[in-house]
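**Student:**
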Amino acid sequence: MEKWFITMKKADFQEISDKFHITPVTARLIRNRDVVGDEAIQEYLRGDLNDLHDPFLMKGMREAVSIIQQKIAEQKAIRIIGDYDIDGVCSTYILLTAFQKLGACVDTDIPDRLKDGYGINEQLIQRAYESGIDTIVTCDNGIAAIDQIAYAKSLGMTVVVTDHHDIPYIEHDDGSREILTSQADVIINPKQQDCAYPFENLCGAAVAYKLSQALYESAGFRREDAYPLLEFAAFATVGDVMDLVGENRILVKIGLRMLQNTQNRGMRALIQVNDLTGKKLTAYHIGFVLGPCINASGRLDTAKRALKLLQARDAEEAETLAGDLKALNDSRKYMTLQGVEKAMELIDSTDLKMDKVLVVYLPECHESLAGIIAGRIREKYHRPVFVLTDSEEGVKGSGRSIEAYSMFEEMTRCRDLFTKFGGHPMAAGCSLLPENLERLRKQLNQQTTLTEEDFVEKVSIDVAMPLHYITEQQIRELELLEPFGKGNQKPLFAEKDLKVRGARILGKNKNVLKMQLENTAGQTIDAMLFQEVPAFLQYISEKFGEAQMQRMLNGMDSEVNISVTYFPTVNEYNGKRTLQIIIENYR
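This note's numbering puts the first residue of the sequence shown at 53, with every later residue one more than the last.
#1: Specify, as a first and last residue, the run of the alpha helix (DSSP H) that C417 falls within.
#2: Is the number of C-beta pairs between the region 101–117 and the region 298–310 that are closer than 8 Å three or more?
#3: For S183, which three-state DSSP category applies?
#4: Please list the terminal residues of the continuous beta strand (DSSP E) segment that includes A129.
#5: Please name the residue, chosen from R556, C482, E531, that lies closest to A196 on a Cα-to-Cα basis.
#6: Any contact of the region 287–294 with the region 82–100, i.e. 3+ C-beta pairs under 8 Å?
#7: Pick out the complete alpha helix (DSSP H) segments inside the region 499–559, 4 residues or longer, and give them in chain order.
#8: Is there contact between the region 332–346 and the region 535–546, where contact requires at least three CB pairs shorter than 8 Å?
#9: Just checking my contact of L410 with R435 at CB under 8 Å: how many whole Å lie between their CB atoms?
#10: Check for me: the alpha helix (DSSP H) holding L281 runs from which residue to which?
#11: Which same chain residues, not among the five before or five after K394, have their C-beta less than 8 Å away from its C-beta?
#12: Helix, strand or coil, according to DSSP, for K628 in the structure here?
#13: Indicate whether T160 and R131 have their beta-carbon atoms separated by less than 8 Å.
#14: My understanding is that G423 touches S450, with C-beta atoms under 8 Å, so please give their C-beta distance in whole angstroms.
#15: Can you list, in chain order, the residues of its chain whose CB lies under 6 Å from that of L311, leaving out five sequence neighbours each side?
#16: Taking only three categories from DSSP, how would you classify Y638?
#17: For E547, which residues of its own chain have a beta-carbon under 8 Å away from its beta-carbon, when the five flanking residues on both sides are left out?
#18: May I have a chain-ordered list of the alpha helix (DSSP H) segments no shorter than 4 residues that lie completely inside the region 303–381?
#19: Excluding sequence positions up to five away, which residues of its chain have a Cβ less than 7 Å from the Cβ of H105?
#20: By DSSP, does E594 sit in helix, in strand, or in coil?
#21: Taking 8 Å as the limit between beta carbons, can you name the residues of its chain near Q526, skipping five residues before and five after?
#22: Rounded to a whole number of angstroms, what is the C-alpha to C-alpha distance between L530 and R639?
#23: Is DSSP giving M113 helix, strand or coil here?
#24: As a quick exercise: from I185, V293, K153, Y136, pick the residue whose alpha carbon is nearest that of D192.
#25: Below 8 Å between beta carbons: does that hold for V259 and H216?
#26: At 3 residues or longer, and completely inside the region 227–307: list those beta strand (DSSP E) runs for me, N to C.
#27: Just tell me which of V437, V189, G446, D442 has its CA closest to the CA of F460.
#28: For Q568, which of Q122, D468, V552, G184 has the nearest alpha-carbon?
#29: Quick one, which of Q602, Y181, I557 has its alpha-carbon nearest Q583's?
#30: Measuring only the C-alpha atoms, how far is T314 from G330?
#31: So what does DSSP say about V77, is it helix, strand or coil?
#32: So Y170 is in the beta strand (DSSP E); what residue range does that whole segment cover?
#33: Assess, as a yes-or-no matter, whether the region 385–392 is touched by the region 361–372 under the definition of 3 or more beta carbon pairs within less than 8 Å.
#34: Taking its Cβ as the centre, do 16 or more other Cβ atoms sit within 10 Å of R428, making it buried, or is it exposed?
#35: How is E67 classed by DSSP in three states: helix, strand or coil?
#36: Classify V88 as buried or exposed, calling it buried when 16 or more other Cβ atoms lie within 10 Å of its own Cβ.
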């Protein structure tokens with residue numbers, strides 16, 4: 053059972069309301085997102101391009117610009133090596149576009165997920181060396197490639213690393229940490245300990261965007277000339293599930309407006325093939341519609357196809373590539389569903405269900421789907437999950453975590469079991485030998501300090517707001533808080549003891565339930581449930597009886613009462629505007 057609680061952070065909401073011309077409810081929502089102080093509130097509500105930080109504050113930026121400028125002037129061959137996900141593709145596209153504008157002799161390479169694995173490796177370096185490449189510039193990878201970069205340097209190559217992943221380290225028995233560093237000529241990563249950049253949680257594409265800005269400015273262009281690349285940094289920020297706070301939130305807010313009218317042929321075609329042309333684009337559309345199409349190429353084919361889409365020279369090519377990527381994503385959805393079902397069956401039928409950290413071995417699963425399946429299993433069981441499958445080099449997989457469990461730190465504590473690993477507190481990837489599979493499961497569970505309380509999903513309610521408090525003005529004002537996503541969750545309201553006056557099932561797949569709810573003050577409102585309708589109806593039947601559920605579905609008065617968390621919206625139909633709520637949780 054979920055644990056519902058109301059967030060009770062203190063502030064003078066009326067003072068904030070008066071100062072920033074917003075309602076006290078909106079003031080409370082802002083405080084609940086830990087936005088404190090006039091300057092921070094002003095940036096949160098009205099942040100723009102002027103609030104983005106100077107790229108030259110980032111450690112290594114001036115040195116990287118100097119090296120790249122010199123290589124361009126000498127017409128040395130440069131190769132950008134990205135990664136096979138949204139962030140890697142967008143990073144590669146950003147740097148390639150910027151380098152070409154500056155006249156560089158440049159090309160790209162993106163690792164094959166199955167053949168090469170994550171990030172830069174010896175094969176990619178050897179391939180670059182044999183092609184006469186003088187300088188490698190990484191993006192969205194490279195910070196953990198200690199041995200690989202040493203190999204590149206042994207071949208006499210220049211290496212510039214741009215990355216955003218956690219800095220690798222070794223934890224000694226006494227708890228101290230030894231930071232691992234590579235022989236790269238320069239590293240740009242805002243997570244470096246002595247980096248003065250004010251915001252460290254950028255994605256790889258945002259770091260690439262900052263380098264592009266610095267290069268343009270140093271070459272005599274205006275920094276604003278790099279702005280057309282911003283929409284791709286925004287796209288990757290959402291796609292890589294970065295926290296939408298501070299600079300990230302500004303990037304995404306501006307980038308979404310740019311995507312709405314994008315001049316990139318490939319992106320325009322991708323929007324069109326997903327029936328989003330003319331619609332207001334939100335972070336949801338990047339995270340769950342457009343982004344998965346970009347990711348599908350790296351999962352089931354090659355990410356070079358996604359990069360080719362962004363580089364499309366004409367509308368016909370763009371439409372063909374966009375259609376192909378959507379078809380790949382449709383196949384990915386079906387394969388994912390099969391993998392999730394197999395994983396759940398394995399957990400429920402074995403002693404895995406007793407583990408605090410789930411290590412699920414699906415040998416026949418397509419390895420590119422491991423992370424998605426892990427995410428779905430994490431949602432189902434609310435536990436840290438590793439999904440592992442067979443690969444050419446042994447066992448390979450991905451993990452997805454819960455807030456109470458830092459996946460990267462826990463993996464570091466048993467690093468001797470991996471041949472390769474990396475990631476963040478909430479997500480990680482790894483490779484290991486088959487004989488270490490059961491050892492990994494045992495060690496992760498033995499060393500964890502997770503308690504049963506950590507496994508209870510927590511539903512944080514912003515405001516217990518009665519239905520009769522909902523107004524169009526308040527709903528419009530909620531748009532000031534967008535974009536919503538990780539780190540800036542959509543506001544959640546709640547009311548209890550709502551009488552269900554009637555309900556009907558909608559949609560060709562019978563997957564939407566529309567209800568009329570009435571509160572104790574007599575206010576009635578339409579409510580939409582976009583979840584598993586059969587599960588909801590079974591819940592109602594068990595709580596109130598089959599007869600009461602049928603009365604509810606027949607639009608008759610019933611004894612069905614529920615409490616809900618919700619988000620208020622305005623429904624427009626045939627020119628008529630009505631208030632309604634979207635139900636998020638119920639009991």
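All C-beta atoms in this analysis are idealised placements derived from N, C-alpha and C, irrespective of residue type, glycine included.
If you're wondering where the values come from, they're calculated on a predicted model, not measured in any experiment.
**Tutor:** The short version:
#1: It is not in any alpha helix (DSSP H) - C417 carries neither H nor E in the DSSP assignment.
#2: yes
#3: coil
#4: 129–133
#5: C482
#6: no
#7: 524–530
#8: yes
#9: 5 Å
#10: It is not in any alpha helix (DSSP H) - L281 carries neither H nor E in the DSSP assignment.
#11: L414, C417
#12: strand
#13: yes
#14: 3 Å
#15: E283, L333
#16: strand
#17: A516, M517, P518, L519, N571, S615, V616, Y618
#18: 317–325, 343–352, 356–362
#19: Y249, P250, F251, E299
#20: helix
#21: T75, V77, T78, P620
#22: 25 Å
#23: helix
#24: Y136
#25: yes
#26: 229–231, 238–240
#27: V437
#28: V552
#29: I557
#30: 12 Å
#31: helix
#32: Here Y170 belongs to no beta strand (DSSP E), and DSSP marks it neither H nor E.
#33: no
#34: buried
#35: helix
#36: exposed
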